[in-house]
Structure formats: C-alpha cells, structure tokens
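Take a look at the structure below.
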Amino acid sequence: MNPDAGSSDKVNKNRGFMAIPEVGDQVIINFVHQHPDRPFVMGGMFHGGVGGGGGAGNNVKSLSSKSGNIICLNDGAGIEIKDRNGNHVTLSGTGDITTFVSNDNNEDIGNNHTTNVKTKTTINVGKDQSVLTMDNGGKISVKSNTEIKLETGSSSITMKEDGTIDIKGINITIAGSVIKINGSGSVTADNSSDTSCSASGINISPSIISINNPSQVDIN
Numbered sequence: 029m030n031p032d033a034g035s036s037d038k039v040n041k042n043r044g045f046m047a048i049p050e051v052g053d054q055v056i057i058n059f060v061h062q063h064p065d066r067p068f069v070m071g072g073m074f075h076g077g078v079g080g081g082g083g084a085g086n087n088v089k090s091l092s093s094k095s096g097n098i099i100c101l102n103d104g105a106g107i108e109i110k111d112r113n114g115n116h117v118t119l120s121g122t123g124d125i126t127t128f129v130s131n132d133n134n135e136d137i138g139n140n141h142t143t144n145v146k147t148k149t150t151i152n153v154g155k156d157q158s159v160l161t162m163d164n165g166g167k168i169s170v171k172s173n174t175e176i177k178l179e180t181g182s183s184s185i186t187m188k189e190d191g192t193i194d195i196k197g198i199n200i201t202i203a204g205s206v207i208k209i210n211g212s213g214s215v216t217a218d219n220s221s222d223t224s225c226s227a228s229g230i231n232i233s234p235s236i237i238s239i240n241n242p243s244q245v246d247i248n
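Residue numbers (the working numbering): 29 to 248.
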C-alpha cells in the first residue's frame, strides 16, 4: 500500500509519499477482512506496458510522474533529477555534479552564503562576452568585450573597448614611491581653478617649452 503524504484539516502531520494511480492504470485490489463489499486499492501494478524495467543488470531505479518529472537512481551512472522542460541535476557517481537550467535560476538566501573552491572559478556570460576568472594562484581576471565599470556613489572607473579609461571622483589621490605618466601623443592637464605642484625639486627638460596667451606668469 502507498502511504499518503498529503495533509488536511483532519490530518496535518501525515508521512510517507502519495502516488494515486491514473485512470486506466492496472492496480492491485484487496478486501478488508476478505469482505467482497469492502475493496481497496493497494497500489499500481508494474508491467511491461508502463515501465522500461531496470535495464541490464537491474541497475536503474526511478520515480516518474505522467508529465515527465523523473528521479533516476542508476548504480552505474549516478543520480539524475529532471523535470519535463529538460532542467536537470546530475550526480555522476564519480565526484562531478552538473546542473542545467533552461530558463532563469534564482537564489534567495536568508543569511550567509560561502563558496569555497580549491582550484579555479570561471563565470562566463554571453559566450565570452563577459568573463570573470579566479584561481588558487591569487590571479583574478575580468574581461569584457565592450565596457567594465566600477561605481560607488559619486566615484567611478570606466574602461571601454576603444582603449578609453575614465576616472571620476570628487577627490582622487594617487600615491606611490615612483609615479610615471607617459603619453606617446600628448599629456594635458586642464583645470578651471588653480593647479599646484610642490616638491623638493622640479626638473623640466623638454626640447621646447611654449607658454601661450597667459594672463599672468609669475616666476619667483
């Protein structure tokens, strides 16, 4: 007999599972106290017309519904859970797990989420359009075919596919023992207010120095 896993206002702590035979299924009938007026269905009857069996070696055990939802236990190939749309989770039995989702995949986590990976993690979106790679050597690679943008509040760093890098912020500080700015074409500093440069020594040694249209130049 199949125990009933359902619940109701009369039975709210039921256990087991529920598998009601479909119309037209072959079933096993028994009778309460062998009374012909008190029959009950013990369960669905397995036969070759409704099941494929366990295959060679009888290694396959499965639970399936009429819409195509399947839980398959295969002693040779692991475990597979599959729905009627082709979404499935496969446990290979050799240590690998494969998940396939045909549409959206959403996670709602109420507290903490921790992922520990020993060797390498790769997130690939849009067939190499955006790729994030992290490995156990401490290397992190972020690649994008169009744009990478880091943004918080009024600050942002934007890198574009044409080679343009925009850094925006209210206060920007660059600190280092040695700072080099090299421009094969030109280097431009443009400011609507004052520009200050203070150091123990300033060396300017180009072949040509041009000062164009200054309103005032003070050299002290």
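The beta-carbon is built from N, C-alpha and C at its ideal position, and this holds for glycine as well.
| Check | Outcome |
| --- | --- |
| Cβ-based neighbour list, S233, same chain, cut-off 7 Å, excluding 5 preceding and 5 following | none |
| Rounded Cβ spacing between G104 and S120 (contact assumed at less than 8 Å) | Actually they do not touch by this definition, with Cβ atoms about 11 Å apart. |
| M29 to I168 span [Cα, whole Å] | Residue placement at M29 is flagged as unreliable, the pLDDT there being 49, under the threshold of 50; a coordinate-derived value is accordingly withheld. |
| For L160 and I48, the rounded distance between their alpha carbons | 48 Å |
| Nearest-angstrom Cα separation, counted from K155 out to K171 | 12 Å |
| Reduced DSSP secondary structure (H/G/I, E/B, other) of H61 | helix |
| Which residues DSSP lists as bridging T180, in chain order | S183 |
| Host beta strand (DSSP E) of S221 (start-end) | Per DSSP, S221 belongs to no beta strand (DSSP E) and is neither H nor E. |
| Three-way DSSP call (helix, strand, coil) for N102 in this model | strand |
| Length of the line joining the Cα atoms of K110 and I125 | 13 Å |
| Q62 versus D53: straight-line alpha-carbon distance, rounded | 23 Å |
| Strand pairing of N152, partner residues [DSSP] | V159 |
| Residue(s) in a DSSP beta bridge with H116 | K110 and F128 |
| Bridge partner(s) assigned by DSSP for G71 | I56 |
| Simplified DSSP assignment, three categories, for M29 | Only weak support is given to the placement of M29: the predicted model assigns it a pLDDT of 49, under 50, and the question is left unresolved by the model. |
| Endpoints, the beta strand (DSSP E) within which K89 is located | V88 to S92 |
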